[in-house]
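Take 334 as the starting number for the sequence shown in this note's numbering and just add one per residue. Notes to accompany the following structure.
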Amino acid sequence: MAKFDLGNFVKTMSVPDSGTTGQEQIAYLPLAELHEDERNFYKVDKVEELAANIQSCGLMDPLRVRKSEDGYTIVSGHRRAAALRLLAAEDSKFETVACIIETGDIPEQLQELRLIFANSATRKMSPADEAKQAERVEVLLYELKEQGMEFPGRMRDRVAEACRISRSKLGRLQKIQRNLAPCYKPLWEAGDLPEDTADALASMPEEVQLQMLHSVAGLEHAEMTRCA
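Shown next as structure tokens:
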């Protein structure tokens, strides 16, 4: 069985030293040939703000892409691509973009892990985003294990390592994902429910969580109705 080293895998996400050496290359690609990865679950927000920054300072980091049948699939840089599309609508100089082109044929699970690694390293995530990420990473690692890859140690340790969070933080996020009442989930996912509050609620039976409904700050009438 093949052994999977997360540390070595993370090193494959580094930017190449040049466009002519190594397995990966940097090239300028037409923005029109870049497509979203449907597996990307990260929010694409504050696009106008980023577009203004790129217009003033230029694109600081290249996008990471993978060749696909109809062009290139974005691995990392969905928000940067959205900002560049805004700029390209007004100025043709933004119609091409610097990209790291991934090479090699790797399993879909590793492709998605690369997407997660690349995105988690380039953005500030909410606790809800971290919880979704950890949940997805665990699924991917178990799928790779079923395919014959070995992971030394406990799976929780590997998931925490992959998500760059502590084991205690992972345990808390997993508890919230499993036990938080459905009526609170929209607030949690929107970042309007603090992690400590969500953790405290998830420690209670669901019927008690419902009783706490009116005392949770910021809970809107629509969410109250959904819980009723």
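Ideal placement from N, C-alpha and C gives every residue a C-beta, glycine not left out.
Annotation: L520 is outside any beta strand (DSSP E); the continuous alpha helix (DSSP H) that includes it extends over 518-523.
The C-alpha of D370 is placed about 20 Å away from the C-alpha of A461. Of all alpha-carbon atoms in K400, L364, K465, R413, the one lying nearest the alpha-carbon of E382 is that of R413. About 13 Å separates the CB atoms of D490 and R497; that is not less than 8 Å, and the two are not in contact. Between T429 and L364, the C-beta gap is smaller than 8 Å, which places the two residues in contact.
In the displayed model, P363 falls within a strand according to three-state DSSP. C432 is positioned such that its CB atom lies closer than 8 Å to that of L396. For C432, the pairing in a beta bridge is given by DSSP as A360, L396. By the Cβ-count criterion, A385 is exposed, with fewer than 16 other Cβ atoms from all chains shown falling within 10 Å of its own Cβ.
Here the alpha carbons of S536 and A523 stand approximately 21 Å from one another.
By alpha-carbon distance to Y361, the top candidate from T436, V470, L419, K426 is K426. With respect to E445, L506 sits apart: the two C-beta atoms are not nearer than 8 Å. Between V380 and L419, the beta carbon gap of about 6 Å places them in contact (Cβ cut-off 8 Å). Boundaries cannot be given for S425, as no beta strand (DSSP E) includes it and DSSP labels it neither H nor E.
Going by DSSP, I509 is part of the alpha helix (DSSP H) stretching over 500-512.
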